[in-house]
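This report concerns only the one structure given below.
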Amino acid sequence: MTSPSPDEEDGRAKRGTYPAGNRLMGRVVGCSGSKATVSAIAGKDGNGLAELWSVGRLISISVGANRVVALVCSMETATTAWSEADENVMHIEVELVGEIREGVDGQPEFSAGITRYPYLGAIAHRMRSSDLAIIYDPGVSDTAVIGKLTQDTSLGALIHIPSLLSRHFAVVGTTGVGKTTAVTLLLNKALKADPSLRVLILDPHNEFAAAFPHKSVVIDTDTLDLPFWLFKLEEFTEVLFRGRPAIPEEIDVLRDLIPEAKRMFKGATDTALIRRGPEKSSLTADTPVPYRVADLLALIDERIGKLEGRAEKPHLRSLKVRIQAAINDPRYEFMFSSNTIHDTILTTISHIFRIPGDGKPVTTFQLAGIPSEVVNSVASILCRMAFEIALWSAGGVRILVVCEEAHRYVPADPKLGFFPTRQAISRIAKEGRKYGVSLGVITQRPGELDPTILSQCSTVFAMRLSNDRDQDIIRSAIPDSSASTMSFLSSIGNGEAIAFGEAVAVPMRMVFERVSEDVLPRANSGLQPVHRGDPNTVDLGKIVMRMRHIDDTQRAPAPAAAAPAETVRPQQPSITPQMPSIDPTEQFDVAAAHRRLTDAQPAHQPTAYTPEPGTRPGPAAAAPRPELNSLRSSLLKKPLSSLLKD
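Position one of the sequence shown corresponds to residue 16 (the working numbering), numbered consecutively onward.
Structure, rendered in structure tokens:
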């Protein structure tokens, strides 16, 4: 006998008529405030309803004109054995989720509350597709379909885009379950719903460049221009001390001298009077105003003294060496390029935060090539600037900051991580929605993420999690009425998630849409491989050049003919100095090497600052002179002790 359809079952439930041998799915034999027990019979001749029961499926229980919605949590037989000869009695435990009842307008509506609980003997039957559509309908406009419901693949999984963006969201799941692909889908849906949105992705694995080939600008170590004067004092000292604890005496010197260097750049002639006068200047060590490193070093030299007192001021000499080491490190070129002597803050903000966007609203900030001791400072300044732009634009600029591997920046242990980065991200999480800046958190270890940050994410997409601690964190965030849903977290498939929060009506188990092959995220998508195929034929020289942060165009030409006996002979690269001279008298005005831009629009060339009358102007930017190259080379070859004595 063919089982009746859900609509037929519902009609029979209301009329109380059921054919013999087909008792729908079962009857309620026990009920508490949050759970109920249903008894069902699996027929011995194969026409039973055992195959209709499945853990994780929604069923409905008829209570008068209402239908109570319940989630199957567990199942067991009345006995410990399965009988092939007789009918088997099953006991199914269900969790009460809500009910469908007639609304004010006469149309059925779903409510998370229950007005009439199931009575003993109430009929349990399959959930109709129309009821599932009512349950998972957010009931508002501006929704987007991001996948299909696991229980009924004919129904789309709907989310409310404004709630997703304004109240932050998180995507959690272990490695390889499809987090990055899911985020790509969510961002595409968000951009389609809100074209004016600007997205900044902190991408530590260089994966998102391939996901937005026509909508994004890729910023990597070659195209990054983030002047050091945009860094706050804590962020700048993180770079100088390379992640180690800072020395208080050196920090105090920088706090005093950096504002003086900024006044010198502006053309102030009597800095001594300014220091002695009342505190009327708005310049501090954290003010984003340009200054020259040469001026800072000159002020440090002034404190050291040219002839006497050197031995009594070791912290000043140590600070000077730290600054010189940083500006001559090729990995820090994005901070200490020649553009730092210009006020390029407008150009920097426009390029990073896509204002205007020029048809590319997404910025993928590739952090893989940035030195590990600087990543925290870069993440801090980007998140801080995103909040300030949204704040001072009075909501005119809407920004979404996506933090991949967020547990690196805001770990659960307050003693770990970089405090300014934690502070900047926490400010977005707590206050961002008031000003139009949102946060997207992606992590594979929610247990290692700051609980405050995760609690501020009002929508969570929980993919497969195998760690018990991580599961407990997500289980504590889901509403109690759907707590048993989290029991599936360790066994759901790739691309599948349990979504709950503000952007969805009720917690739902769904499968994300498939993303087309041409926009799938790929690791190291911004780096073209040197060779495809046999590793024995890979050009090792190119690999070494990249390790040394040297552009391939600066490599010396290969000799016309190599000796027959030579198999592999490393070539000595011709390294063109890309850092400013460490001599303060040159004022670091040497032009840096040409930077390539991934943006199709030509880079804006800022106008150099013109000093006020009566001040000594610095030399104009020019190509590196041979004598400067030789001077820099000779200084780099000197031992450190000789530099300290000079």
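Cβ atoms here follow ideal geometry from the backbone N, Cα and C, with glycine treated the same way.
No experiment lies behind these values; they were computed from the predicted model shown.
Are the beta-carbon atoms of residue i and residue j separated by less than 8 Å?
i: M478; j: Y151; result: no
i: V671; j: F402; result: In the structure displayed, the chain extends from 16 to 661; residue 671 sits before or after that span and is not available.
i: V530; j: T199; result: yes
i: N221; j: A409; result: no
i: V104; j: K230; result: no
i: P242; j: P305; result: yes
i: G162; j: M560; result: no
i: P329; j: W244; result: no
i: Y424; j: G432; result: yes
i: S392; j: F246; result: yes
i: L464; j: A492; result: no
i: T190; j: Q459; result: yes
i: A226; j: L535; result: yes
i: A394; j: T436; result: yes
i: I488; j: P461; result: yes
i: E102; j: A57; result: yes
i: L469; j: S505; result: no
Give me the Cβ distance between residue i and residue j, rounded to the nearest whole Å; I'm assuming they're in contact under 8 Å.
i: A205; j: A512; result: Actually they do not touch by this definition, with Cβ atoms about 17 Å apart.
i: G516; j: T474; result: 4 Å
i: F349; j: T236; result: 6 Å
i: I443; j: E250; result: Not a contact, Cβ separation roughly 16 Å.
i: R448; j: R182; result: 6 Å
i: I149; j: P123; result: 6 Å
i: R270; j: L248; result: 6 Å
i: L311; j: L272; result: 6 Å
How would you label residue i, buried or exposed, when you count the other beta carbons within 10 angstroms and need 16 or more for buried?
i: F476; result: buried
i: F527; result: buried
i: A93; result: exposed
i: R631; result: In this prediction, R631 scores a pLDDT of 43, lower than 50, which makes its location untrustworthy; no coordinate-derived value is stated.
i: A55; result: buried
i: E532; result: exposed
i: A405; result: buried
i: G508; result: exposed
i: V119; result: exposed
i: K667; result: Outside the shown range of the chain (16 to 661) lies residue 667, about which nothing can therefore be said.
i: R218; result: Note that residue 218 corresponds to Asp in the displayed sequence, not to Arg. Classification of D218: buried, given that the 10 Å Cβ count is 16 or more.
i: L73; result: buried
i: V389; result: buried
i: V83; result: buried
i: I385; result: buried
Between which residues of its own chain and residue i is the CB-CB distance below 8 Å, once the five residues before and five after are set aside?
i: T130; result: N81, E114 and R116
i: M90; result: W68, V70, M105, H106, I107 and E108
i: I319; result: R325, K328, L331, R332 and K335
i: T52; result: V43, V44, G45, C46, H106, I107, E108 and V109
i: L179; result: L201, A205, T474, E517 and A518
i: F368; result: R213, L215, T378, M400, A401, I404, V412 and I414
If you reduce the DSSP assignment to three classes, tell me which class residue i lands in.
i: D487; result: helix
i: N391; result: helix
i: S453; result: strand
i: Q381; result: strand
i: P617; result: Because the pLDDT at P617 is just 42, under 50, the model does not fix this residue reliably, and the point stays unresolved.
i: C398; result: helix
i: T359; result: coil
i: L212; result: coil
i: V119; result: coil
i: P196; result: Residue identity check: residue 196 is Thr in the sequence provided, not Pro. T196 falls in the helix class under three-state DSSP.
i: V155; result: coil
i: F349; result: coil
i: D316; result: helix
i: R640; result: In this prediction, R640 has a pLDDT of 46, which is less than 50 and means its spatial position is unreliable; what the coordinates show is noted afterwards. Three-state result, R640: coil.
i: V559; result: helix
i: G447; result: helix
i: V412; result: coil
i: N221; result: coil
i: T252; result: helix
i: A492; result: helix
i: T436; result: helix
i: A514; result: strand
Can you list, in chain order, the residues of its chain whose CB lies under 6 Å from that of residue i, leaving out five sequence neighbours each side?
i: P19; result: Below a pLDDT of 50, predicted positions are generally treated as unreliable, and P19, at 44, falls in that range; the measurement from the model is reported next regardless. Closer than 6 Å at the Cβ level, and outside the excluded window around P19, lies no residue.
i: G136; result: R42
i: E265; result: H330 and L334
i: V186; result: K194, A197, V198, I457 and F476
i: R484; result: G462
In chain order, what residues of the same chain lie with their CB nearer than 7 Å to the CB of residue i, ignoring the 5 residues before and after it?
i: L239; result: F349
i: I167; result: The residue asked about is misnamed: residue 167 is Asp in this sequence, not Ile. S144 and L147.
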